[in-house]
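Below is one structure, written out as structure tokens, with a few remarks after it.
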Amino acid sequence: MTQNFTKTRSIVEGALLSAITVLLSIASIYLPVLGILATFIWPVPIILLGIRHGIKTSIMATIVSGLIVAMISEPLQAVTIIIGFGLTGIALGYAIRRDFSPGATMAIGTVASTVSKVIIIGISMIVLNINPIKLQMDVLIEAVDKAAEFYSSIGIDTERIKPIINAFHDMAKVFHLIIPGMLLTASIADTFLNFTVARLVLKKLGHRVRNFPPFIYWQFPPYTVALFLTGIIMAMLYNYYPVEAFKTIGMNFAIFFPYVFILQGLSLLGFYLNKIKVSKILRGLIVFMVIMTPFFTQVLMWAGMLEILFNFRKLKREP
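If you want this note's numbering, it's the position in the sequence shown, counting the first as 1, plus 4.
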């Protein structure tokens, strides 16, 4: 009797939450402003199903939602939305149900989000015969050329700004190499926003979800420094062994991880400002000045890297 009730409840909740997911999908397609908000909430029903009834139910609900959205709108739009947010919702629901740490939950969600973005790019290239990466490169080059034409039309000598134009052209040529880092950064941001919104909603529904510690106690794992150094070494090796993989990995690691160290440096700065009881207004001004000053940003990056290695705050590392 209990087993039948549980199964019935699972079906009813699955149908209800699938309907909510379909409504959010339609909102994201047809309502531009509300659609942005809908994308943050979209994974929540899938996450809730994963927590309450397991990963199989959340997968089935995602598939059913996708089929319904495909019948209402264009199939390609449905696939893009379902894959783009469904995989992240399934992954976060699984991680939260297993009571993983917030860091592990973020890692699992980020992997799922990255995979979904790669799949969507692949679908665009195969089905629409569009290369989104090349399209972005062409748009960037066209924007630079139009800017040069505009400056020329108002009487500015283009020779004076030619170095800047050439720099943008050179940047456009290597744009495709930093796509992995951009995808990873976007996936981290998506996952963090989805996790934060989901946690707030789930808390209202009576579910306990482990949260990140306060920002001043954030601590990145030591392997981030190792990965950064690996990127530097690979970039150097490319000068002697021109293997494209060395260049791609080296550039992405060398660009991505300094931002991780800056974030860690900000956490370290906030920790000590809090320790000496600096007022919130003065604290905000100090942080703003540090971020806006390139020299201090560099200091912050190195401080963050050293904090990761030596743990000056003596915080307990997450297992």
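Where a beta carbon is used, it is the ideal one built from N, C-alpha and C, also for glycine.
{"Check": "DSSP three-state call for A176: helix, strand or coil?", "Outcome": "helix"}
{"Check": "Taking the CB atoms as reference points, tell me whether A19 and A31 lie closer together than 8 angstroms.", "Outcome": "no"}
{"Check": "Using the C-alpha atoms, what's the distance from V148 back to F172?", "Outcome": "7 angstroms"}
{"Check": "Going by beta-carbon coordinates alone, are V73 and S29 separated by less than 8 angstroms?", "Outcome": "yes"}
{"Check": "Quick check on D194: buried or exposed, where buried means 16 or more other Cβ atoms within 10 Å of its Cβ?", "Outcome": "buried"}
{"Check": "Mapping the DSSP letters down to three states, classify S105 as helix, strand or coil.", "Outcome": "coil"}
{"Check": "Flag this pair as yes or no: are the beta carbons of P49 and T25 separated by less than 8 angstroms?", "Outcome": "yes"}
{"Check": "Just checking my contact of F325 with F232 at CB under 8 angstroms: how many whole Å lie between their CB atoms?", "Outcome": "One cannot answer for residue 325 here, as it falls past the ends of the chain, which runs 5 to 323."}
{"Check": "Check whether the Cβ atoms of M305 and I266 lie closer than 8 angstroms to each other.", "Outcome": "yes"}
{"Check": "Which of the three DSSP states is assigned to S271 in this structure?", "Outcome": "helix"}
{"Check": "If you draw a straight line from the C-alpha of F275 to the C-alpha of G210, how long is it?", "Outcome": "32 angstroms"}
{"Check": "Considering only the alpha carbon of each residue, which of H180, V213, I192, T189 lies closest to E364?", "Outcome": "Only positions 5 to 323 of the chain appear in this structure, which leaves residue 364 out of reach."}
{"Check": "Would you report the Cα separation of V213 and G97, rounded to the nearest angstrom?", "Outcome": "11 angstroms"}
{"Check": "Relative to the C-alpha of D142, which residue among P298, T114, A176 is closest?", "Outcome": "A176"}
{"Check": "If you run the structure through DSSP and keep just helix, strand and coil, what is K318?", "Outcome": "coil"}
{"Check": "Going by C-alpha to C-alpha distance, which of S156, Y227, L52, T301 sits closest to L270?", "Outcome": "T301"}
{"Check": "Whole angstroms are fine: how far does the CA of S128 sit from the CA of N278?", "Outcome": "48 angstroms"}
{"Check": "What three-state label does DSSP hand I183 in the structure shown?", "Outcome": "helix"}
{"Check": "Just to confirm the assignment: which complete alpha helix (DSSP H) runs, minimum length 4, are found wholly within the stretch 115-172?", "Outcome": "136-157"}
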